[in-house]
Structure formats: C-alpha cells, structure tokens
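Under our numbering, the first residue of the sequence shown is numbered 272, with each subsequent residue one higher.
Encoded as structure tokens, the structure appears first; notes follow it.
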Amino acid sequence: MATYILRIDDNFGIASKTSAWVGVNSAAVCSAVDADIITQANRSSGTGFVSLIRFCDGVTSVIGSHLLRFQCFVNGAAFFLDGAGTAVVLPVGFVVDSVILRVDKSNGLDSGSYYINASSHLFMQFSQSIEEEIASGSVGGTPQASFTRPTTFPAITALSLLLDGFGLRYTATTQDVVKFRNVRITGNYSILSFSWTVDTPGPLTIGELVSISVTGGGGIAGIGTINLYITKSGVQLKKTITTFVTQTSTLITFLVPASFGLFSGTVTITAIGTEWTGEVKIGTFEIASVDGSGIYTLVKNKTDDTVYVRATSDTLDVKIPNPFAKTGFIG
Numbered sequence: 272m273a274t275y276i277l278r279i280d281d282n283f284g285i286a287s288k289t290s291a292w293v294g295v296n297s298a299a300v301c302s303a304v305d306a307d308i309i310t311q312a313n314r315s316s317g318t319g320f321v322s323l324i325r326f327c328d329g330v331t332s333v334i335g336s337h338l339l340r341f342q343c344f345v346n347g348a349a350f351f352l353d354g355a356g357t358a359v360v361l362p363v364g365f366v367v368d369s370v371i372l373r374v375d376k377s378n379g380l381d382s383g384s385y386y387i388n389a390s391s392h393l394f395m396q397f398s399q400s401i402e403e404e405i406a407s408g409s410v411g412g413t414p415q416a417s418f419t420r421p422t423t424f425p426a427i428t429a430l431s432l433l434l435d436g437f438g439l440r441y442t443a444t445t446q447d448v449v450k451f452r453n454v455r456i457t458g459n460y461s462i463l464s465f466s467w468t469v470d471t472p473g474p475l476t477i478g479e480l481v482s483i484s485v486t487g488g489g490g491i492a493g494i495g496t497i498n499l500y501i502t503k504s505g506v507q508l509k510k511t512i513t514t515f516v517t518q519t520s521t522l523i524t525f526l527v528p529a530s531f532g533l534f535s536g537t538v539t540i541t542a543i544g545t546e547w548t549g550e551v552k553i554g555t556f557e558i559a560s561v562d563g564s565g566i567y568t569l570v571k572n573k574t575d576d577t578v579y580v581r582a583t584s585d586t587l588d589v590k591i592p593n594p595f596a597k598t599g600f601i602g
C-alpha cells in the first residue's frame, strides 16, 4: 500500500453551501463565489482561508447551522501520490483502502482564534448523517484536525469517494469567527494487478456468448460497464453493455449485440469499473456478420446453420439463434 492525497481543486465543485461561507484572501477582500472558496480551501500556506463570517463587507449574521459540501463533478479527479516532487496522477487500476478527511485550523490574517465560543461547533463529515466535531477553543497557528471514514460506510472505492463527497458543518450560537484551509482527503491505496483473457475470440455472430476470465486477484466483479468499439466505414461506433449473463469474481459473459448491424471485423472491449477509475482495455474478439441466402433445410441432430457468404462464395457454420415465442391475448 502507498499514500494518496485528494485535494480540493478544479476537479471538485461545491455541492451545497449557505451564503455565509466566503473565501478570504486579504483583510479587505471576501468572496462567496464557489471558485474563490475552493481556492482558499486548497491553500496550504500563505495568505487566505475559508471563513464563516463576512467581516470584509460588514455582514456578520452567521447564527444558525451552516453546511459546506464538496463533490467531484469532473472525470479524472486529482488523486496524487503523496511526497512526490510534482503532482503525479495515480494510474488507472488503483483501489482506495482508507479515507481520512484533514482540515488545517487557521488563525489566518489576524490574531483571532479559530473559533472561541464553546457552544458553537464545527463538524467534519462524509455523510450528512455521520460526522465528527473538531474541538473548539482558542487555537493559534495551524493545528490539524482529522476524521477517519467510519466503518459503517459501504466498502470504500474511488468512485464512491468521489460521488459521496464530504463536507463541513458549523453551528453558530454567536457571531464567531471560524476559519480553516488546506482541506484534503488522505489515505492508503493499492494497485490492482490482474490480467483479463477473452476466452471466446471468435469469429462470433449476433447473439453468441462472449466470455472473459481474469487471473491474478479478481476484478471482474467490480466491472460496472462494458464498452464495445468497432470501426465501420471509417467511423468508430460504441455499444455499452451493463447487463451481463454471468458476473463473478473470475468470469463475465455477455451476448454479442445486434446494434452494430452488418459487420465483420475486430471488436475492442473496454471496462469501466467500480473498484478503479478510468476505462481499461480488456481485449478484442472478432465478429463475422454474414449475408446468407438460399433454401433453409432442417437437418436432424445438426446444431448450427451453414450459410453462404455472397462476397466470397465461402460457407460458414454459425449458431442457430435462440428460439423465442410471442403470445397474443384478446381481452
């Protein structure tokens, strides 16, 4: 396992907030604009912080409960390796093993405290129903507060962390100053290591079963979406599959779709998982769509059809389509 950092940056947006939250970058400049709040929340040094008192413009009424939640709205959110000299985006295929929300309390531009009134409370949260209070009191410097994601949550994945988001809630009984910055998620991650094999490389026809197996640690159960890509008349086409015939930790199967129409050639398979980020190439299989014609003859004990390909005059044995029936009802 290794350590990652997920910072508040352009990949994140503010999911919800009360109007009293502002970003402060000087004694005279406050901004309630989301981008300015995110900038100050991401600041780890220098001048600037997020505040819940608008002393810059004279608006100081903050009594009540105030929520500020962040959520990822952009693909490819910035998970970075901890300790790297420059930002290094984690590779596709990493799994989140632990999640800790960290906040630096800041006395910022003045000698004031983080927040003073002991009857006011600042909470860190992953879910709005599960949160932990940051201790109050007069605090100088920038001590750090942290909140480990509770075990009561479902299994941690990169996707769930990004979709669930996290937040801060302040309950103010007086017009207290509350200030913080350098908000980020840290934790441990592992790199998934396994290989996929397309067990049925084809040629296949519409309705036949594509089978994919995995070795080296699982991963099939974490696939949420299969994408199939072909190039037809110079144009790339995609078919998305989310319903599988079989899905276990080592095997996934699905049917060749009919939506590509008449096509013969290579189909590229990719997967989007629930245990990793990004779209991963799994392999390829061949499709043989044939333009058959002639007299259809039933042959005892024969389990496939023999068709003639007009373009080449060759013959090809293909699977007999699965039978189906329709019934009518007269009401």
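Backbone N, C-alpha and C define an ideal beta-carbon position, used for all residues, glycine too.
{"Asked": "Run of the beta strand (DSSP E) containing I501, from where it starts to where it stops", "Found": "494 to 503"}
{"Asked": "CB of V527 within 8 Å of CB of E479, strictly", "Found": "yes"}
{"Asked": "Residues bridged to L439 (per DSSP)", "Found": "L339, M395"}
{"Asked": "For T457 and T274, believed in contact at Cβ under 8 Å, the rounded distance", "Found": "7 Å"}
{"Asked": "Cβ neighbour criterion (16 or more within 10 Å) applied to K509", "Found": "exposed"}
{"Asked": "Boundaries of the alpha helix (DSSP H) in which D368 is found, first to last residue", "Found": "No alpha helix (DSSP H) holds D368; DSSP gives it neither H nor E."}
{"Asked": "Limits of the alpha helix (DSSP H) - the one that I308 falls within", "Found": "305 to 312"}
{"Asked": "Where A429 sits in the DSSP three-state scheme", "Found": "helix"}
{"Asked": "Counterpart residues of G374 in DSSP-defined beta bridges", "Found": "Here residue 374 turns out to be Val, not Gly, going by the sequence shown. Paired residue(s): A416."}
{"Asked": "Local Cβ density within 10 Å of A291, reported as buried at 16 or more and exposed below that", "Found": "buried"}
{"Asked": "Straight-line gap, D375 to L463 (C-alpha atoms, nearest Å)", "Found": "32 Å"}
{"Asked": "Buried or exposed (CB count within 10 angstroms, at least 16 for buried), I401", "Found": "exposed"}
{"Asked": "CB contact flag (T314, R452, <8 Å)", "Found": "The amino acid at residue 314 is misidentified as Thr; the sequence shows Arg. The answer is yes: Cβ separation under 8 Å."}
{"Asked": "Exposure of L533, with buried meaning 16 or more beta-carbon neighbours within 10 Å", "Found": "exposed"}
{"Asked": "Same chain, Cβ closer than 8 Å to L522, neighbours up to 5 away in sequence not counted", "Found": "S482, I483, S484, V485, I491"}
{"Asked": "Assigned exposure category for A542 - 16 Cβ within 10 Å defines buried", "Found": "buried"}
{"Asked": "Endpoints, the beta strand (DSSP E) within which T507 is located", "Found": "Sequence check: residue 507 is Gln here, not Thr. Segment 506 to 512, the beta strand (DSSP E) holding Q507."}
{"Asked": "Q396 to E404 span [Cα, whole Å]", "Found": "9 Å"}
{"Asked": "Residues that I558 bridges to, as DSSP identifies them", "Found": "L475, G536"}
{"Asked": "T513 beta carbon less than 8 Å from that of T496", "Found": "yes"}
{"Asked": "Distance between L339 and T289 (C-alpha atoms, nearest Å)", "Found": "7 Å"}
{"Asked": "Delimiting residues of the beta strand (DSSP E) encompassing S484", "Found": "480 to 486"}
{"Asked": "CA-to-CA distance, R440 to I494, given in whole angstroms", "Found": "35 Å"}
{"Asked": "DSSP-derived helix/strand/coil call for L434", "Found": "helix"}
{"Asked": "For T442 and D381, the rounded distance between their alpha carbons", "Found": "Residue placement at D381 is flagged as unreliable, the pLDDT there being 47, under the threshold of 50; the coordinate-derived value follows with that caveat. Taking the straight line joining both Cα atoms gives about 22 Å."}
{"Asked": "Cβ-based burial, V293 [other Cβ within 10 Å; buried from 16]", "Found": "buried"}
{"Asked": "Spatial neighbours of I501 in its chain, beta-carbon cut-off 7 Å, leaving aside the 5 residues before and after", "Found": "L508, F531, F534, G536, V538"}
{"Asked": "Exposure of K573, with buried meaning 16 or more beta-carbon neighbours within 10 Å", "Found": "exposed"}
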